[in-house]
Each structure stands twice: as C-alpha cells, then as structure tokens.
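**Student:**
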Amino acid sequence: MQVNLRNPNRTLTVPGPMRLTSLLGRLEIDREAVLVIRGGTLVPGDALLEDDDEVEIRPVISGGAA
Amino acid sequence: MKCRVCREPAVIDIRRHNANFCAEHFLKLVRDQTEKAIAEFAMFTREERILVAVSGGKDSLALWDLLVELGYRADGLYIGLGIGGYSDRSGQATRAFAAERGLTLHEVDLRATYDYDVPTAAAATKRVPCSACGLSKRHLFDRAALEHGYDAVATGHNLDDEAAVLFGNTLRWQSEYLARQLPVLPARPGFPRKVKPLVRLGEREMAAYCVLRGIDYIVEECPMAAGNKHLGYKEALNRIEAASPGSKQAFYFGFLARAVDRFADAAPAHDEGDDAAACTSCGVPTTSGVCAFCRLLDKAAGAEPVRLTRKGRPIDA
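Line by line, the protein sequences are chains U and Y. With this note's numbering applied, the first sequence has no gaps in its numbers, which climb one by one up to 268 at the end. With this note's numbering applied, the second sequence has no gaps in its numbers, which climb one by one up to 357 at the end.
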C-alpha cells in the first residue's frame, strides 16, 4: 500500500494487507497523535488495509504559544 | 469497532471516553460538547455577535463552522502574519472557507498595515517568534472586536492547548498566568470578552471534525513554531495520556474546579491592570505608559525584513 506522511511530506510503500494498528506500530507512530485517512474519510483503528490502498497519516498536534 | 450510539461501523475511537463513534454521532458529539462549554461557562448568547480568530488551521476553521452550524452570529478575522508561503497558504484556506459558506471575513495584514511581519518583529525585539506573534494577534483581535462592535472574541484553543499551557505555567508556578487561564475572560474597559468554546474537545477530535465536514484546513505546521516549548509540553502530555486516558481532561478541568480560584490574587497580569492608564500611542489601557504592542511596533516597523525560505523559515536560521 502507499502511505503518505505529512509534516514533512514523504511517501512509503508498505506491503498489505495489514491492520492499521500494526502499520502505526511498525512506523512507531502514536495513534493518538494522528488521523489516518483513506478515500477522503477516517480509517478506524481496527481496519484492515489492503495492498492496493492509499492512505494518508496526518499529524494532529499543532500550535505555537505566546 | 461499532458506534456507541447506533452500533453501526465506527470511524473514530476516543480513548478518554472509552467509546467509538460513526461519523454522524461523532459530529453530534462535537456539537454537543461545544454547546456544553458555551453554556457551562456562560460564554455568549445567540443574540450576541462573535468575532472568531481564524488562522486557516483546523481548530479555528472548525470553531467557525461549529458556531455557524449551531446558530450563532459568528464572523471571522484573519491576520496576515507575513510568514512566507505558510501565511500565503493559510490566508488562501481561510478565504476559501469563508467564500464557500458566504461568511463575513475581516482581514488585517501586518506588513501592509503596520510595516512589519512576525519573523522581523521577533528579530527586532529579540522575542521568540510565538511571543511576537501572540502579542500582535491579541492586540489586533481586541482592537478589531471593539472597532466593529463584537461582543466577544472566540479562539480555537482546544483541550490539548489548554492542558499544555497549564502544564507550562504550573512547571514554573506562573501565578499571574494561572489566574487568567480561564475559558472566559470577561470584557473590561479597552478589552473585549474572550472565550474558548473548544476546551472540552481534543485536537485529534478537531482534526477529525474537519475531515468529516470536508473542511480544507492548512495541515502544515507553522515553520516558526517548530521545536517550541508548547509542542514539547503537548508531546509529554500525550505520553501520559497514552498510559492513562483522560489525564489531560482531569488535569485541566480539575484545575478549573479546584485550583484556579487560589490564584485569583495574582491577577491581573502585566499591563492590563485595573490601575492602567491609556497607552500614549494607541489608547489601550496599560500600566507601562506605552503598551506592549506599541513598543513592539516601535522596534519592528520599518526594520530590515527577515528573509525567508519558500516554506517560511528564516534563511539565516
């Protein structure tokens, strides 16, 4: 599957099928700090990602502070 | 994963609620939590006019969308900060959001109106960029709200923001800041009411709300904020939250319920005191003769602009 990461933007190819939780664990990403988006909508944590899927892993932590 | 409400397939889990939600019931949860915060802290009514501080990011655009959806009279104010391509893209996202919905958007551009930008102000005043940015935004949001007759300024600070700021203020026992860390700051002479309707919602929820509502927000992080203390506090709190879901909510709402009153004697902070006189330059209340914004302006306006990369990072950094 194609995995698009943001901030900074980069793309990885990961063999599927694979559970979303396994993918995030493999990439050492805290799933509370990201959303995973496929086809314009959210992918739940227990979803099975197929080999031909394209997903975006979008960080949600933001902000400056004065 | 099934929705806690309807048992249909869920799209998101919220660990601190130990619950999963489908898109429909997640959006309802976000609206309900926003309404609950507005009511619980008596932020404003449907008759009042609200000025939403919008940046093009997920929280402020979601807040504006929510307030309009909930039937509040909400307009937006965008401040062009002059942070290279990042500000260009933020402005575009904000204008597109307002235009698609037929909403009223006010704009102030720091370079065009005041002859400075945030990177230049940070260099000229030797402040960190987030400090120069925050000072500028607070002053200009206050001024715009008063000039245009709004009843309150609403900002998109969410639970993660408030918990991180509280964490930082507590680490250093900054009592004057702790005294003012409230979801509502009442209006005072020279200053409008300030409200934070998203304090019951985490930032992952706000990003999810935008995705499910089709809100095209700017995902990239401000290049000036990279590595700042606030982001470090958020990461630290997220590690605690991962081990103990609900910790951030307990920390922040526990502070509001049981601790903030203990710091009341420490308010007001800095130059917004009750014994303030008018700034000799712009007229806002200050105890310093010239207010902090006008002091910044005095150093930054007309200063040699800091050159930025296309992404908005200072070239010499």
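Even for Gly, the Cβ is constructed at its ideal location relative to N, Cα and C. Please read these numbers as outputs of a predicted model, since none were measured by experiment.
1) Within this structure, are the beta carbons of GLY131/Y and GLY142/Y separated by less than 9 Å?
2) Which chain Y residues sit within Cβ distance under 9 Å of ILE263/U?
3) Using the DSSP secondary-structure output, state which residues sit across from ASN60/Y in a beta bridge.
4) Does the beta carbon of ASP232/U come closer than 9 Å to any beta carbon on chain Y?
5) Between the beta-carbon of HIS197/Y and the beta-carbon of VAL239/Y, is there less than 9 Å?
6) In the stretch 208-239 of chain U, which residues sit with their C-beta less than 7 Å from some C-beta in chain Y, listed in chain order?
7) Where are the alpha helix (DSSP H) runs, 4 residues long or more, that stay fully inside the stretch 69-151 of chain Y, in chain order?
8) What residues from chain U crowd round GLU75/Y, counting only those whose CB sits closer than 9 Å?
9) Quick one: what does DSSP say GLU230/U is sitting in, helix, strand or coil?
10) In chain order, what residues of the stretch 219-253 of chain Y put their CB closer than 8 Å to some CB of chain U?
11) Rounded to whole angstroms, how far is the Cβ of ALA138/Y from the Cβ of MET246/Y, which I believe are closer than 8 Å?
12) Could you work out which residues of chain Y lie near LEU244/U, taking near to mean beta carbons separated by less than 8 Å?
13) Quick one: is SER224/U buried, meaning 16 or more other Cβ sit within 10 Å of its Cβ, or exposed?
14) Taking a contact to mean a Cβ-Cβ separation below 9 Å, would you say LEU180/Y touches LEU271/Y in this structure?
15) Just curious, the beta strand (DSSP E) that VAL236/U is in, first and last residue?
16) Which residue marks the beginning of the alpha helix (DSSP H) containing ILE183/Y, and which one marks its end?
17) Which two residues bound the contiguous beta strand (DSSP E) that contains THR215/U?
18) Give a yes or no on whether the C-beta atoms belonging to VAL346/Y and ALA163/Y are separated by under 9 Å.
19) Is PRO237/Y buried or exposed, if buried means 16 or more other CB atoms sit within 10 Å of its CB?
20) Decide yes or no for the touch test of the stretch 176-194 of chain Y against the stretch 272-290 of chain Y: beta carbon pairs closer than 8 Å, at least 3 of them.
21) Exposed or buried, ASN211/U, counting other C-beta atoms within 10 Å across all chains shown (16 or more means buried)?
22) Where does VAL235/Y sit, in a helix, a strand or coil, going by DSSP?
23) Quick test of your reading: PRO221/U and ASP248/U, contact by CB under 8 Å. State the CB separation rounded to the nearest angstrom.
24) Please identify the residue among ILE54/Y, ALA79/Y, MET41/Y whose C-alpha is closest to the C-alpha of VAL235/Y.
25) Hey, does ASP248/U have any beta-carbon neighbour from chain Y nearer than 9 Å?
26) Label ASN60/Y either buried or exposed according to how many other C-beta atoms from any shown protein chain fall within 10 Å of its C-beta, with 16 as the threshold for buried.
27) Look at the alpha carbon of ASP311/Y and the alpha carbon of THR327/Y, and state the distance between them as a whole number of angstroms.
28) Below 9 Å between beta carbons: does that hold for ALA63/Y and THR243/U?
29) Between GLY286/Y, SER321/Y, LEU150/Y, which lies nearest to GLY174/Y when the distance is taken from Cα to Cα?
30) Sort ASP182/Y, SER171/Y, TYR292/Y by Cα distance to PRO223/Y and report the nearest one.
31) Does any C-beta atom of chain U lie closer than 9 Å to the C-beta of GLU358/Y?
32) Quick one: what's got a C-beta closer than 8 Å to VAL300/Y's C-beta in the same chain, skipping five residues either side?
33) Mapping DSSP to helix, strand and coil, what is PRO226/Y?
34) Mind pulling the chain U residues with CB within less than 8 Å of ARG335/Y?
35) So for THR320/Y, helix, strand or coil by DSSP?
36) Are the stretch 153-172 of chain Y and the stretch 321-337 of chain Y in contact at 8 Å, needing three or more beta carbon pairs?
**Tutor:** Looking at the atomic coordinates:
1) Walking along the second sequence from the start, residue 131/Y turns up at place 91. Walking along the second sequence from the start, residue 142/Y turns up at place 102. Not closer than 9 Å, so no.
2) Locating residue 263/U in the first sequence gives position 61, where the first residue counts as 1. Under the 9 Å cutoff, chain Y gives ASP200, GLU243, ARG244, GLU261, LEU271, LYS274, GLU275, ASN278.
3) The residue you call residue 60/Y lines up with position 20 of the second sequence. In DSSP, ASN60/Y forms a bridge with ASP53/Y.
4) Translated into positions along the first sequence, residue 232/U becomes position 30. Yes, ASP232/U lies at the interface with chain Y (some Cβ there is under 9 Å from its Cβ).
5) Against the second sequence, residue 197/Y aligns to sequence position 157. Against the second sequence, residue 239/Y aligns to sequence position 199. Yes, Cβ-Cβ distance for HIS197/Y and VAL239/Y is below 9 Å.
6) ARG208, ASN209, ASP232, GLU234, ALA235, LEU237, ILE239
7) 98-109, 124-141
8) For the purposes of this step, residue 75/Y is identified with residue 35 of the second sequence, where counting begins at 1. Within 9 Å Cβ-Cβ: nothing; GLU75/Y doesn't reach chain U, min ~23 Å.
9) Here the question's residue 230/U lines up with position 28 in the first sequence. Of the three classes helix, strand and coil, the one that applies to GLU230/U here is coil, per DSSP.
10) GLU243, ARG244, MET246, ALA247, ALA248, VAL251, LEU252
11) Within the second sequence, residue 138/Y is the residue found at index 98, counting from 1. Within the second sequence, residue 246/Y is the residue found at index 206, counting from 1. Incorrect: roughly 18 Å between the Cβ atoms, too far for contact.
12) Along the first sequence, read from residue 1 onward, the residue named residue 244/U stands at position 42. Those are VAL51, ILE52, ALA63, ALA248, VAL251, LEU252, listed as they occur along chain Y.
13) Position 22 of the first sequence, counted from the first residue, corresponds to residue 224/U. Burial call: exposed.
14) Numbered from 1 along the second sequence, position 140 holds the residue referred to as residue 180/Y. Numbered from 1 along the second sequence, position 231 holds the residue referred to as residue 271/Y. It is not a contact, given that the beta carbons lie outside the stated cut-off.
15) Residue 236/U sits at position 34 when you count from the first residue of the first sequence. Counting along the chain, the beta strand (DSSP E) containing VAL236/U begins and ends at 236-240.
16) Numbered from 1 along the second sequence, position 143 holds the residue referred to as residue 183/Y. Rather than Ile, the amino acid found at residue 183/Y in this sequence is Arg. Looking at the DSSP string, the run of the alpha helix (DSSP H) that includes ARG183/Y is 169-188.
17) As a position in the first sequence, residue 215/U is number 13, starting the count at 1. That run of the beta strand (DSSP E) goes 212-215.
18) To locate residue 346/Y, count along the second sequence from 1; it is residue 306. To locate residue 163/Y, count along the second sequence from 1; it is residue 123. The answer is yes: Cβ separation under 9 Å.
19) As a working mapping, residue 237/Y is identified with position 197 in the second sequence. Flag for PRO237/Y reads buried.
20) no
21) The sequence position of residue 211/U within the first sequence is 9, counting from 1. The residue in question, ASN211/U, is exposed, as its Cβ has fewer than 16 Cβ neighbours within 10 Å.
22) The count along the second sequence starts at 1 and reaches residue 235/Y at position 195. In this structure, VAL235/Y counts as strand in the three-state DSSP scheme.
23) On the first sequence, residue 221/U is found 19 positions in, with the first residue counted as 1. On the first sequence, residue 248/U is found 46 positions in, with the first residue counted as 1. The amino acid at residue 221/U is misidentified as Pro; the sequence shows Arg. That pair is a contact at about 7 Å.
24) Counted from its first residue, the second sequence places residue 235/Y at position 195. Here the closest residue by C-alpha is ALA79/Y.
25) Translated into the one-based positions of the first sequence, residue 248/U becomes position 46. Yes, because at least one Cβ of chain Y sits closer than 9 Å to the Cβ of ASP248/U.
26) Taking the first residue of the second sequence as position 1, residue 60/Y is located at position 20. Result: buried.
27) Along the second sequence, one-based indexing puts residue 311/Y at 271. Along the second sequence, one-based indexing puts residue 327/Y at 287. A caution first: ASP311/Y carries a pLDDT of 46, below 50, which makes its placement in the model too unreliable to give a value.
28) Position 23 of the second sequence, counting from 1, holds the residue named residue 63/Y. Position 41 of the first sequence, counting from 1, holds the residue named residue 243/U. Their beta carbons are under 9 Å apart, which means ALA63/Y touches THR243/U by this criterion.
29) On the second sequence, residue 174/Y is found 134 positions in, with the first residue counted as 1. If we check each option's Cα against that of GLY174/Y, LEU150/Y comes out closest.
30) Residue numbering aside, residue 223/Y sits at position 183 when the second sequence is read from its first letter. PRO223/Y has its Cα closest to that of TYR292/Y, out of ASP182/Y, SER171/Y, TYR292/Y.
31) As displayed, chain Y neither begins before 41 nor continues past 357, which places residue 358/Y out of reach and without an answer.
32) For the purposes of this step, residue 300/Y is taken as the residue at position 260 of the second sequence. LEU218, ALA219, GLN221, LEU222.
33) Counting from 1 along the second sequence, the entry for residue 226/Y is found at position 186. Correct three-state label for PRO226/Y: coil.
34) Indexing the second sequence from 1 puts residue 335/Y at position 295. Within chain U, no residue comes near ARG335/Y; the closest Cβ sits about 15 Å away, beyond 8 Å.
35) Here the question's residue 320/Y lines up with position 280 in the second sequence. Residue state, collapsed to three classes: coil.
36) yes
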